[in-house]
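A.B. asks: Okay, handing you the structure first.
In the working numbering, the protein residues as written are 96 to 260.
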């Protein structure tokens with residue numbers, strides 16, 4: 096992503112230090128200095144650290160689906176997360192999501208639709224980031240196992256109200 100868009104600042108966020116180290120090593124190796132690695136939860140970053148309407152795209156690729164019923168509360172994508180995603184996206188900005196878990200995919204699609212903060216954008220909205228070079232390690236592993244990893248995209252609508260965050 097950083098090589099394709101050298102004029103953009105890429106924020107990479109994850110709570111796992113090992114993953115952030117991998118991203119940092121790769122950007123150092125490739126000389127792409129437009130990536131800022133942040134070891135933080137996306138929920139915190141979008142909810143409290145970024146100003147309104149500052150992001151062109153939010154890519155949430157292959158987050159932990161927490162498939163067991165008793166762990167569902169740990170999922171990143173929940174009803175409370177839709178407003179922060181919408182708040183930081185510029186009007187018309189793209190929210191891109193992928194997972195190998197069909198139930199999680201359905202749940203997220205329902206959350207986004209119910210929120211009223213987004214409209215479906217279709218695959219053309221993320222066609223520029225759909226190649227092999229943009230796949231996460233998780234996605235590559237799952238595809239090698241014969242699983243499918245659907246990608247969905249929505250366009251941010253202007254919120255009905257804004258308030259403290």
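Don't be surprised by glycine CBs; every beta carbon is placed ideally from N, CA and C.
Treat the numbers as computed from the prediction; the structure is a model and nothing was measured.
Going by DSSP, what residues sit across from residue 109 in a beta bridge?
C.D. replies: 134
A.B. asks: Less than 6 Å between C-beta atoms, sequence neighbours within five positions excluded: which residues of the same chain meet that for residue 103?
C.D. replies: none
A.B. asks: For the stretch 132-192, which segments carrying the beta strand (DSSP E) assignment without a break, of at least 3 residues, lie completely within its bounds, in sequence order?
C.D. replies: With a minimum length of 3 residues, the continuous beta strand (DSSP E) runs that stay inside the stretch 132-192 are 150-156.
A.B. asks: Output needed for residue 191: all residues of its chain with C-beta closer than 6 Å, excluding positions within five of it in sequence on either side, in chain order.
C.D. replies: 154, 221, 248
A.B. asks: Within this structure, are the beta carbons of residue 145 and residue 207 separated by less than 8 Å?
C.D. replies: In terms of Cβ geometry, residue 145 and residue 207 do not form a close pair [threshold 8 Å].
A.B. asks: State the start and end residues of the unbroken beta strand (DSSP E) segment that holds residue 229.
C.D. replies: That residue, residue 229, is in no beta strand (DSSP E); it is neither H nor E in DSSP.
A.B. asks: What is the C-beta distance between residue 135 and residue 174, in whole angstroms, given that I count them as a contact (C-beta under 8 Å)?
C.D. replies: No, residue 135 and residue 174 are not in contact; Cβ-Cβ is about 21 Å, not under 8 Å.
A.B. asks: Can you grab the Cα-Cα spacing for the pair residue 219 / residue 229, in whole Å?
C.D. replies: Each residue's Cα considered, the two are about 15 Å apart.
A.B. asks: Quick one: what's residue 249 bridged to in DSSP?
C.D. replies: The partner list for residue 249 (beta bridge, DSSP) reads 190, 215.
A.B. asks: For residue 216, which of 250, 181, 139, 127 has the nearest alpha-carbon?
C.D. replies: 250
A.B. asks: When the distance is taken between beta carbons, is residue 193 closer than 8 Å to residue 156?
C.D. replies: Yes, Cβ-Cβ distance for residue 156 and residue 193 is below 8 Å.
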